[in-house]
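Student: As given, the protein sequences belong to chains A and B, one line each in that order. Just so we're aligned, residue 59 is where the first sequence starts under this note's numbering, counting upward by one. Just so we're aligned, residue 1164 is where the second sequence starts under this note's numbering, counting upward by one.
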Amino acid sequence: MIDGALCGMGVCFQCEPRRACMERVPSSSNIDDEADVIVVGAGPAGIAAAVHAAEAGRRVVVLDSAQRAGGQIWRHRDRRTLPRMARRWLERFDRSGARLVPGAEVVDAASFRGRTVVLATGARERYLPFPGWTLPGVMGIGGAQALLKNGLGSFRGRRVVLAGSGPLMLTVAAALARAGARIVLVAEQASAGRMARFACGLWRTPSRALDAIAYRSTFVGAPYRLGTWVTRAEPSAAGLAVTLSDGRRAVCDILCTGYGLVPSTELARLAGCDTRDGAVIVDERQATSVSGIFCAGEPTGIAGVEAALVEGAIAGSAAAGVTPSPPLVIDRAFAGRMDEAFALRPEVRALADAETIVCRCEGVPYGALDSAWSARQAKLYTRIGMGPCQGRVCGPIMECLRGWPPDTPRPPLFPTPVRAFL
Amino acid sequence: MVTDRVPGLCRHQIVELGYVQSAHTLGDASVAFNVQPRSTGQVLIGSSRELVGWDASINRDVLGRMLRRAVSFVPALAEVPALRTWTGFRPATPDHRPFIGVWPNMPRLWIAAGHEGLGITMALGTGRLLTDLICGRAPGIDPTPYSPARV
Chain A
59 MIDGALCGMG
69 VCFQCEPRRA
79 CMERVPSSSN
89 IDDEADVIVV
99 GAGPAGIAAA
109 VHAAEAGRRV
119 VVLDSAQRAG
129 GQIWRHRDRR
139 TLPRMARRWL
149 ERFDRSGARL
159 VPGAEVVDAA
169 SFRGRTVVLA
179 TGARERYLPF
189 PGWTLPGVMG
199 IGGAQALLKN
209 GLGSFRGRRV
219 VLAGSGPLML
229 TVAAALARAG
239 ARIVLVAEQA
249 SAGRMARFAC
259 GLWRTPSRAL
269 DAIAYRSTFV
279 GAPYRLGTWV
289 TRAEPSAAGL
299 AVTLSDGRRA
309 VCDILCTGYG
319 LVPSTELARL
329 AGCDTRDGAV
339 IVDERQATSV
349 SGIFCAGEPT
359 GIAGVEAALV
369 EGAIAGSAAA
379 GVTPSPPLVI
389 DRAFAGRMDE
399 AFALRPEVRA
409 LADAETIVCR
419 CEGVPYGALD
429 SAWSARQAKL
439 YTRIGMGPCQ
449 GRVCGPIMEC
459 LRGWPPDTPR
469 PPLFPTPVRA
479 FL
Chain B
1164 MVTDRVPGLC
1174 RHQIVELGYV
1184 QSAHTLGDAS
1194 VAFNVQPRST
1204 GQVLIGSSRE
1214 LVGWDASINR
1224 DVLGRMLRRA
1234 VSFVPALAEV
1244 PALRTWTGFR
1254 PATPDHRPFI
1264 GVWPNMPRLW
1274 IAAGHEGLGI
1284 TMALGTGRLL
1294 TDLICGRAPG
1304 IDPTPYSPAR
1314 V
């Protein structure tokens, strides 16, 4: 297992060595390309955008920090392991003529000026601090999944507790169980009542209901506790001792935690795109407030893979100057029901005590924020958000715990060797 | 620009003599080599100046010039990861000399401001001059070039 891994996708900079969670650390250089359309991100939204723009006859270049197209959700080493829908899109992407530049990290938006760009930068996991969340063995739920998919973590025989929120927990619990982990328990903070209402709504999307049942059956035997969350983790001789909100305790080797997803909007904000409630504002063509820049998928609001594919198709068509036919409709109803079902309860926003670290890069404890009144001001006083992760982990924490919107991103968005600017 | 933590790379500030020239250049943009280690082990790389009014956006050409100059003095900087770049406003006067003295028509308001990028360098002289003026002593430094009444 990689020491310190939290996010598993190269954004938290907690691994030793840094970004060891990535197959290869991406490089940064100037875009020197004749492409008509630049797509940033090769997840579902980016792939759909690239496919539609390329099929409309445009020269398309797709930049992604990973080694293969697919993004987080379709991360893979062997395409045959992917769901059929993913394989179909990747094959269509291969045939489209769009050119993928793998291992390319976009750290600045200055070169977008005068070009047509589709931002499909996806999302990352939301972490909420609790005493002990910085201990070795505590990692993200999506982080564990990413390590597993990249073959970078061995979970065989490990006792795993998953505690947090969202449907990803079940998917990852199932995947970990298949990889030989022993799932001790899964704790979902959402209440049984909310979950029941959500489950009743699943008949509208039966494929998802079947998915949920299939996942559940893979790790039968492990309790799935609703309305329960982790309040503390401590090292003990037997392993990581986890205390739950119902007073029960569990011992494990790995504690996976995460509270849903946060749109990754840093690049869009750096490019000057307007946002609302943490999401990039787009019109019906997926155009942002900046001329020539389109945005698709999770950065416009967490809505899942189906919505991302449709938004990507609309954005790619708009970037190519064509209208998709037949007209595409984005289904946000499912996302709305998810938001309601997995809404964060106030208790999980109040688990950190004064000593709990909230900024892992700079080692800032929660109590140090007491006298601050904004993210900018807290940064000036405590260095919160000034480390290599550039506030990607602590920014959403400050937003969630204190209601402070994030500070303006500054280039480079990821640590970049000085020579890249010469 | 501020870099990642690189303890040991740079133990004290290094600045080129041309910095003074740069700080008093009337032109669209100028750069000068100036690196400063921070207590965190990070290195601050400067510096640049642009006469662009209230526009605080980062001019990538000026940034590139500034960094090429820095790397020409300290080649090892090229491989150091940069964390952030930013700009700020420099308090300057039209003739590039600071205002030190009593503010016209407000006999109880004393001012010491507008030192541009040389505030710390000129701090001691500024303090002595201002003290002399406030105490009504014959100043040891000619106050005329710095008089706020000149504009």
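Built from N, CA and C at the ideal position, the CB exists for glycine as well.
Per DSSP, MET197/A forms a beta bridge with which residues?
Tutor: DSSP output for MET197/A lists CYS314/A as bridge partner(s).
Student: Who are the Cβ neighbours of ARG460/A in its own chain at under 6 Å, not counting the five residues just before and after it?
Tutor: none
Student: For LEU1286/B and chain A, any beta-carbon pair shorter than 8 Å?
Tutor: Checking the sequence shown, residue 1286/B turns out to be Ala, not Leu. By this cut-off, ALA1286/B is not an interface position.
Student: Are the CB atoms of ALA371/A and GLU356/A nearer to each other than 8 Å?
Tutor: no
Student: Taking the alpha-carbon positions, what's the PRO1170/B to ILE1177/B distance?
Tutor: 16 Å
Student: Apart from the five residues on each side of it in sequence, which residues of its chain come closer than 6 Å, Cβ to Cβ, to VAL1243/B?
Tutor: Excluding residues within five positions, the ones whose Cβ falls inside 6 Å are THR1166 and VAL1169.
Student: In the DSSP assignment, the beta strand (DSSP E) including TRP147/A goes from what residue to what residue?
Tutor: Careful: TRP147/A lies outside any beta strand (DSSP E), inside the alpha helix (DSSP H) at 142-154.
Student: Can you find a C-beta in chain B that's less than 8 Å from the C-beta of PRO475/A?
Tutor: At a cut-off of 8 Å between beta-carbon atoms, PRO475/A makes contact with chain B.
Student: Report the neighbours of ARG468/A on chain B: residues whose CB is nearer than 7 Å to its CB, in chain order.
Tutor: ARG1247, THR1248 and TRP1249
Student: Mind checking if LEU1226/B is an interface residue toward chain A, Cβ cutoff 8 Å exclusive?
Tutor: yes
Student: Can you list, in chain order, the residues of its chain whose CB lies under 6 Å from that of ARG117/A, leaving out five sequence neighbours each side?
Tutor: For ARG117/A, the CB contacts under 6 Å within the same chain, skipping 5 residues up- and downstream, are ALA93 and ASP94 in chain order.
Student: Using the DSSP secondary-structure output, state which residues sit across from MET1269/B in a beta bridge.
Tutor: TRP1266/B
Student: Could you tell me which residues DSSP puts in a beta bridge with GLU246/A?
Tutor: GLY222/A and LEU284/A
Student: In whole angstroms, what separates the C-alpha of GLY1209/B from that of GLY359/A?
Tutor: Using only the alpha carbons, I get a separation of about 38 Å.
Student: Who are the neighbours of LEU1240/B on chain A, taking C-beta pairs under 8 Å?
Tutor: VAL476
Student: VAL1215/B: buried (16+ other C-beta within 10 angstroms of its C-beta) or exposed?
Tutor: The Cβ neighbour count for VAL1215/B, taken over all protein chains shown within 10 Å, is under 16; the residue is labelled exposed.
Student: Nearest CA to the CA of ARG82/A: which residue from LEU64/A, GLY99/A, VAL119/A and GLN125/A?
Tutor: Comparing Cα-Cα distances from ARG82/A to each of LEU64/A, GLY99/A, VAL119/A and GLN125/A, the minimum goes to GLN125/A.
Student: What are the residues that DSSP puts in a beta bridge with VAL422/A?
Tutor: CYS417/A
Student: For ALA410/A, which residues of its own chain have a beta-carbon under 6 Å away from its beta-carbon, when the five flanking residues on both sides are left out?
Tutor: Counting only Cβ-Cβ distances below 6 Å, and skipping sequence neighbours, we find PRO187 and TYR424.
Student: Check whether the segment 343-354 of chain A and the segment 173-184 of chain A are in contact - that is, three or more C-beta pairs closer than 8 Å.
Tutor: The segment 343-354 of chain A is in contact with the segment 173-184 of chain A.
Student: Taking GLY336/A and PHE400/A to be in contact with their CB atoms under 8 Å, please state how far apart those CB atoms are, rounded to whole angstroms.
Tutor: Not confirmed; about 16 Å, so no contact.
Student: Does any residue of chain D have a CB that is nearer than 8 Å to the CB of LEU438/A?
Tutor: The question asks about chain D, but that chain is absent: this structure's protein chains are A and B.
Student: Evaluate ILE131/A with the Cβ neighbour count: other Cβ atoms within 10 Å of its Cβ, from every protein chain shown; 16 or more gives buried, anything less gives exposed.
Tutor: buried
Student: Along the chain, where does the alpha helix (DSSP H) containing ILE455/A start, and where does it finish?
Tutor: 452-460
Student: Figure out for me which residue from GLN1184/B, ILE1283/B, LEU1240/B and PRO1306/B has the closest Cα to the Cα of GLY1264/B.
Tutor: PRO1306/B
Student: Kindly indicate which three-state DSSP category CYS1298/B falls into: helix, strand or coil?
Tutor: Helix.
Student: As an exercise, report each continuous alpha helix (DSSP H) stretch of at least 4 residues that is fully enclosed by the segment 74-138 of chain A, in chain order.
Tutor: 102-113
Student: Cutting at 6 Å between CB atoms, please list the residues of its own chain near ARG184/A, excluding the five before and the five after it.
Tutor: Excluding its 5 nearest sequence neighbours in each direction, ARG184/A has C-beta neighbours in its own chain below 6 Å: TYR317, GLY318, VAL320 and PRO454, listed in chain order.
Student: With a cut-off of 8 Å, does the C-beta of VAL1215/B fall near any C-beta of chain A?
Tutor: no
Student: Residues in its own chain within less than 7 Å of GLU1213/B by CB, not counting five upstream and five downstream?
Tutor: ASP1191, ALA1192, ASN1222 and VAL1225
Student: Given that a residue counts as buried once 16 or more other Cβ atoms are within 10 Å of its Cβ, and exposed if not, what is PHE1236/B?
Tutor: exposed
Student: Return the CA-CA distance between ASN1197/B and ALA1233/B, expressed in angstroms with no decimal places.
Tutor: 7 Å
Student: Can you name the residues of chain B whose CB is closer than 7 Å to the CB of PRO446/A?
Tutor: ASP1167 and LEU1246
Student: If we ignore side chains and look at the alpha-carbon of each, how far apart do GLU364/A and LEU471/A end up?
Tutor: 28 Å
Student: Using three-state DSSP, classify PRO463/A as helix, strand or coil.
Tutor: It is coil, neither helix nor strand.
Student: To the nearest angstrom, how far is the alpha carbon of LEU158/A from that of GLY115/A?
Tutor: 16 Å
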